[in-house]
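Engineer: In my numbering, the protein residues as written are 710 to 790.
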Amino acid sequence: MKVAIRIPTPLKKFAGEQEMIKAEGGTVGEVMRWLTDTYPGLKERLQDEHGKIRQFVNIYVNDQDIRFIQNLETPLKEGDQ
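1. Considering only DSSP beta bridges, list what Y769 is partnered with.
2. In this structure, what does DSSP give as the bridge partners for V737?
3. Where does R742 sit, in a helix, a strand or coil, going by DSSP?
4. Could you give the DSSP three-state label for P784: helix, strand or coil?
5. Quick check on the burial criterion: 16 or more other C-beta atoms within 10 angstroms. Buried or exposed for I778?
6. Could you check the C-alpha separation between E753 and R715 for me, to the nearest Å?
7. Nearest CA to the CA of F723: which residue from L755, G734 and V737?
Next up, the structure:
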């Protein structure tokens with residue numbers, strides 16, 4: 710399913726200057742893997758050396774912080790942001 714990823718201004722240079730990227734995936738983790746494979750410059754800024762989301766990185770699905778739902782296992786549905 711397609712979801713929209715909003716890229717913050719400081720990270721746009723690592724994502725081809727795009728503000729919004731459409732991606733496919735059933736969970737936040739799947740979308741993160743796609744995003745960091747497609748835009749390798751984002752990986753070290755979003756994840757630590759063990760592949761975990763860095764502490765200062767906040768990821769939201771429809772305005773909900775994934776740390777308070779299912780983290781990388783948070784399921785996604787068509788049209789989520």
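Yeah, the Cβ is synthetic: ideal placement off N, Cα and C, and Gly gets one too.
Remember, it's a predicted structure, so these values are computed and weren't measured experimentally.
Structural biologist: Well, looking at it:
1. DSSP output for Y769 lists D774 as bridge partner(s).
2. The beta-bridge partner set that DSSP reports for V737 is empty.
3. Assigned with DSSP and collapsed to three states, R742 falls in helix.
4. In this structure, DSSP gives P784 an extended state, which the three-state scheme calls strand.
5. So I778 counts as exposed.
6. Going from the Cα of E753 to the Cα of R715 covers about 18 angstroms.
7. Nearest option by C-alpha distance: L755.
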